[in-house]
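Numbering (the UniProt record's numbering), first residue to last: 1 to 274. These notes are about the structure you will find just below.
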Amino acid sequence: MGSAPYSAGDWKGKGRGGLQELGCMPWKVSKQKGAGGDGGGGGGGQEGVVGTEERRCRDPRDSRQQQQQQQQQDLSSSSSSLSPPAPPQPSATSPSIYHEKQRRELCALHALNNVFQDGTAFSRDTLQEIYQRLSPGTLVTPHKKSMLGNGNYDVNVIMAALQTRGFEAVWWDKRRDVGSIELSNVTGFILNVPSNLRWGPLRLPLKRQHWIGVREVGGVYYNLDSKLRSPQPIGNPDELRKFLRHQLRGKNCELLLVVSEEVEAHQTWRSDGC
């Protein structure tokens with residue numbers, strides 16, 4: 001027990017009470033007590049009593065707990081060996097989408113950069129320079145110009161800006177169905193739609209033409225309107241065509257297809273070949 005053993009005389013004085021006070025006794029101490037008895041036979045009897053006390057001191061709950069722990073270890077080891085490994089979880093990462101928010105009246109700039117998914121594709125200075133060098137002879141007819149609206153930058157600036165990047169803007173004939181567009185050869189779409197004017201948080205009862213960009217990112221088409229808080233998923237090609245039909249049915253809505261110069265030269269943005 002960590003203390004010096006008692007002498008034979010001391011153990012005599014302790015008797016059974018000493019055993020109860022000390023709990024489980026070392027076996028060598030019980031022999032000392034037997035040796036301090038009245039005779040050999042008496043010593044043997046005391047030794048038997050001490051052995052009985054030792055067995056009583058061993059709590060049977062300890063052995064049951066050890067057995068239960070061993071059984072639990074056996075069950076856990078067998079179940080871990082039999083159960084198949086957990087399958088890897090799929091990655092839930094979404095594609096990175098560039099979405100330029102509305103700033104002043106630069107919706108044409110935002111629509112271009114959103115279609116190209118590049119905030120450095122065009123700048124306000126670039127569009128302003130294009131606007132200033134365009135002469136009246138290079139502008140579209142006043143009728144077509146009024147159809148698209150004359151915002152901060154009109155359709156002429158957008159067409160010229162696309163040409164600086166090797167792209168063309170195809171003016172979509174609303175009399176045709178958008179089902180004849182070969183979507184795989186179209187980089188993106190720019191729509192001109194009516195939009196409510198705002199003065200800070202207030203919405204004014206006036207409308208003005210507004211440019212929005214639409215394109216595919218990661219197999220999904222998105223509405224990248226700069227007035228939206230975040231890109232708005234449109235869906236697959238069929239859902240895109242429904243979206244375009246709905247927009248074109250509205251009043252004063254026009255559609256531009258953004259295609260490469262090669263696609264425009266071979267007219268491969270058309271699926272009907274006509």
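Quick reminder that beta carbons are idealized off the backbone N, C-alpha and C, glycines included. It should be emphasised that the depicted structure is a prediction, and the values quoted were computed from it without experimental measurement.
Three-way DSSP call (helix, strand, coil) for residue i in this model
i	result
Phe243	helix
Glu264	helix
Tyr131	helix
Gln209	strand
Pro237	helix
Arg124	helix
Asn113	helix
Gln232	strand
Leu255	strand
Arg270	strand
Arg104	coil
Cα-Cα separation, residue i to residue j
i	j	result
Val217	Ile97	7 Å
Glu254	Leu112	16 Å
Tyr221	Glu129	31 Å
Ser230	Gln102	11 Å
Arg124	Val186	25 Å
Glu105	Gly188	21 Å
Arg176	Asn192	17 Å
Pro90	Asn223	Residue confidence for Pro90 is low, a pLDDT of 37 falling below 50, so the modelled location carries little weight; the figure read from the coordinates is stated next. Cα-Cα distance, rounded: 27 Å.
Val263	Trp269	6 Å
Arg133	Pro194	27 Å
Gly219	Pro95	10 Å
Arg208	Leu183	29 Å
Val155	Leu127	11 Å
Gln69	His99	59 Å
Residue i versus the options, residue with shortest Cα-Cα distance
i	options	result
Asp272	Asn114, Ile181, Ile190, Ser195	Ile181
Ala108	Trp269, Asp225, His266	Asp225
Gly213	Glu168, Leu257, Gln70, Glu262	Leu257
Tyr131	His266, Gln102, Tyr153	Tyr153
His246	Leu106, Asp125, Lys174	Lys174
Leu228	His210, Leu244, Gly219	His210
Ile158	Pro194, Val115, Ser195	Val115
Gly179	Leu244, His99, Leu134	Leu244
Arg215	Arg208, Ser195, Val259	Val259
Ala169	Arg249, His99, Glu261	Glu261
His265	Phe167, Asn156, Trp172	For the sequence presented, residue 265 should be read as Ala rather than His. Ala265 has its Cα closest to that of Phe167, out of Phe167, Asn156, Trp172.
residue 340	Gln267, Arg133, Ser195	This structure does not reach residue 340, given that the chain is present from 1 up to 274, and the question cannot be answered.
His110	Ile190, Gln70, Leu183	Ile190
CB contact check: residue i to chain C, cutoff 7 Å
i	result
Leu224	Considering every chain present, this structure includes no chain C. It has just one protein chain.
Looking at C-beta atoms only, is the number of pairs between the stretch 229-237 and the stretch 155-174 that lie closer than 8 Å three or more? These segments do not touch.
Examine the Cβ distances between the stretch 118-133 and the stretch 237-248 and report whether three or more of them are shorter than 8 Å. As far as the Cβ criterion goes, the stretch 118-133 does not touch the stretch 237-248, which means the pair count is below three.
Taking the runs of the alpha helix (DSSP H) that are 4 residues or longer, which of them lie wholly in the stretch 148-195? Taking only runs of at least 4 residues, the alpha helix (DSSP H) segments lying wholly in the stretch 148-195 are 155-163.
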